[in-house]
Amino acid sequence: MPVKRLAAAKSRLRGAVPPSRHADLALAMVLDTAAAVVAVCDLVVVTDDPVAATAVTQVGARVVPDRPDAGLNEAMRYGADEVAGLSRHRAVLAGDLPALRPAELDEALAQAAQKRSYVIDAAGTGTVLLAAPPGVHLEPRFGIGSAKAHAESGARALGGDWPGLRQDVDTPADLATVLALGAGRHTCALLRDLGLKVACVPAA
12 MPVKRLAAAK SRLRGAVPPS RHADLALAMV LDTAAAVVAV CDLVVVTDDP
62 VAATAVTQVG ARVVPDRPDA GLNEAMRYGA DEVAGLSRHR AVLAGDLPAL
112 RPAELDEALA QAAQKRSYVI DAAGTGTVLL AAPPGVHLEP RFGIGSAKAH
162 AESGARALGG DWPGLRQDVD TPADLATVLA LGAGRHTCAL LRDLGLKVAC
212 VPAA
């Protein structure tokens with residue numbers, strides 16, 4: 012899982028919370044995502060942000076620096092194919108999935124066991140997860156229109172009722188959707204600390 016420097020993360024989400032707490036919101040979503048992942052499998056986080064690195068280590072992730080320093084796809088490829096290694100099943104996912112349930116991830120990874128596969132986001136155009144079996148390079152193509160790009164690269168779209176896995180958070184409207192689904196405890200705690208009146212049920 013790649014994590015940007017928190018000060019630069021989630022620019023389209025600015026305004027959802029006071030500016031002084033924006034980085035805290037980005038980190039809370041990362042921590043909820045990481046907590047769901049480590050309940051299912053090992054997690055490698057690729058980041059150069061020292062605050063994020065310390066925080067995800069405390070929830071059980073392994074942290075490595077972004078040695079390629081060449082953007083999202085190179086960070087994902089590096090973490091999956093070089094750090095984790097081609098001999099293993101690998102998956103990369105977005106770090107802004109605060110409503111992710113471990114059971115959703117477990118089911119998606121089971122479906123992806125035999126072939127390079129991806130999960131389309133709730134908007135229908137992006138990708139929230141890309142997986143590859145042993146011996147197969149990850150070949151990430153994240154960015155605008157990534158679902159189509161992954162399909163054209165030969166990856167298989169996975170089907171499943173996984174609202175928490177599919178709902179990433181790019182905008183305040185996305186955050187409202189996540190809260191309706193039930194966000195994890197870090198995101199909920201931050202919003203409640205800000206005094207926001209939200210119906211936020213911690214993710215199971």
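Residues 12 to 215 in my numbering are what the sequence shown spells out, letter by letter.
Beta carbons: idealized from backbone N, C-alpha and C, even for Gly.
As the structure is a computational prediction, the values presented were derived from the model and not from experiment.
Simplified DSSP state of residue i, which is helix, strand or coil
i, result
"Ala-102", "strand"
"Thr-138", "strand"
"Val-56", "strand"
"Pro-61", "helix"
"Val-74", "strand"
"Val-14", "strand"
"Ala-114", "helix"
"Gly-195", "coil"
"Val-41", "helix"
"Pro-79", "coil"
Residues of its chain near residue i, where Cβ-Cβ distance is below 8 Å and the 5 sequence neighbours each way are ignored
i, result
"Arg-101", "Ala-91, Asp-92, Ala-95, Ala-142, Ala-143 and Leu-149"
"Arg-78", "Tyr-89"
"Gln-125", "Pro-144"
"Glu-118", "Gly-171 and Trp-173"
"Lys-159", "Thr-136"
For residue i, the nearest candidate out of the options (CA to CA)
i, options, result
"Leu-97", "Leu-42, Arg-127 and Ile-131", "Arg-127"
"Ala-110", "Pro-174, Lys-15, Arg-25 and Ala-184", "Pro-174"
"Pro-13", "Val-55, Ala-160, Tyr-129 and Lys-159", "Val-55"
"Leu-57", "Gly-71, Gly-193, Ala-86 and Ala-39", "It is Val, not Leu, that sits at residue 57 in the sequence shown. Val-57 has its Cα closest to that of Ala-86, out of Gly-71, Gly-193, Ala-86 and Ala-39."
"Ala-34", "Ala-45, Val-48 and Lys-15", "Lys-15"
"Pro-61", "Val-74, Leu-192 and Cys-52", "Val-74"
"Ala-81", "Ala-105, Thr-68 and Asp-59", "Asp-59"
"Val-209", "Leu-24, Gln-122, Val-28 and Ser-164", "Val-28"
"Val-130", "Leu-169, Arg-112 and Ile-155", "Leu-169"
"Thr-44", "Phe-153, Ala-66 and Leu-83", "Ala-66"
"Leu-207", "Leu-36, Gln-178 and Val-180", "Leu-36"
7 Å Cβ shell around residue i - same chain, five flanking residues per side excluded
i, result
"Leu-63", "Checking the sequence, you will find Ala at residue 63 rather than Leu. Within the same chain, Ala-63 has close Cβ partners Val-14, Leu-17, Leu-38 and Val-41."
"Ala-46", "Val-70 and Gly-195"
Close Cβ partners of residue i (< 6 Å) along its chain, the five nearest in sequence each way excluded
i, result
"Arg-203", "none"
- Segments assigned alpha helix (DSSP H), at least 4 residues, entirely inside the region 124 to 182: 157 to 163 and 174 to 177
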